[in-house]
Amino acid sequence: MGTLHVMDHPLVQHKLSLMRNKDTGIKEFRELLDEISMLLTYEATRDLPLEDVEVETPICTCKTKMLSGRKLGIIPILRAGLGMVDGILRLVPAAKVGHIGLYRDPETLQPVEYYCKLPVDAPERHLIVLDPMLATGGSSSAAIDFLKRRGCSNIKLVCLLGAPEGIKYVMDHHPDVDIYIAAVDSHLNEHGYIVPGLGDAGDRLFGTK
């Protein structure tokens, strides 16, 4: 059964508060998202399997541990998910990166896939889907659907902010997926924005409107 993990670490909350501030500029916003993504992934990878290895230190040979078996894959949802990639790669430089592009059909309001490029061994990897804003949950849920249809099963979702509606939607549709998130906000407004939120993460990352 999937679990919601709200990361209330003081460093995460401090950086998130800076990101919420409407006066925080693009450069600082990017750096803060980068740093929070690294901290969230630190927790999301806590259960990666280890194996015993033998290492020669400057003093002697010892038995110690390294990551075992399947490795990590990170899957940002375009475009805002791109802002989370670099921080995670500094933490896990050997991770492979896939991309999923979605847009919302203006008539049906349903997410439509326009791009999906995954590592060839994605089904054998521990996958982390990156979506900064978990608002309605439609995009995140659709991205997870795409991964499952391509044979992937070991999937987690890492987000910056979420609304209760979006969290419930993903957990209802994917009860096997754990969600790691920095904060759960109050609700969605009539335009589908998280309240109080931080605005449009993609616009603030890339300087667009």
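Residue numbers (my numbering): 50 to 258.
All C-beta atoms, glycine included, are put in the ideal place defined by N, C-alpha and C.
Check	Outcome
For Y163, which option in L127, A143, G132, P181 has the closest C-alpha, if you only look at C-alpha atoms?	L127
If we count Cβ pairs, one from each stretch, closer than 8 Å, do we get three or more for the region 194 to 206 versus the region 163 to 177?	yes
Name the DSSP bridge partner or partners of R79?	In DSSP, R79 forms no bridge with anything.
Leaving aside the five residues before and after G241 along the sequence, list all residues of the same chain whose C-beta is less than 7 Å from its C-beta, in chain order.	A184, T185
Taking the alpha-carbon of N70 as reference, which of P125, L247, T113 has the nearest alpha-carbon?	L247
Could you tell me the alpha carbon to alpha carbon distance between V207 and V102, rounded to whole angstroms?	30 Å
May I have the straight-line CA-CA distance separating L274 from K205, to the nearest angstrom?	Residue 274 is absent from the structure shown; the chain starts at 50 and stops at 258.
Could you please give me the residues that DSSP links to K145 through a beta bridge?	G122
With distance defined between alpha-carbon atoms, name the residue in R199, S235, V233, H175 nearest to E226.	Here residue 226 is Val; the residue named in the question, Glu, does not match the sequence. The option with the nearest alpha carbon to V226 is H175.
Distance, Cα to Cα, R95 vs M133?	18 Å
Report the CB separation of P181 from A93 in whole angstroms; it is logged as a contact under 8 Å.	Not confirmed; about 14 Å, so no contact.
Which residue or residues does DSSP assign as beta-bridge partners of K112?	E103
Among residues of its own chain, excluding the 5 on either side of D252, which ones have a beta-carbon nearer than 7 Å to its beta-carbon?	K258
Compute the distance between the beta-carbons of D83 and D135, then report whether it is under 8 Å.	yes
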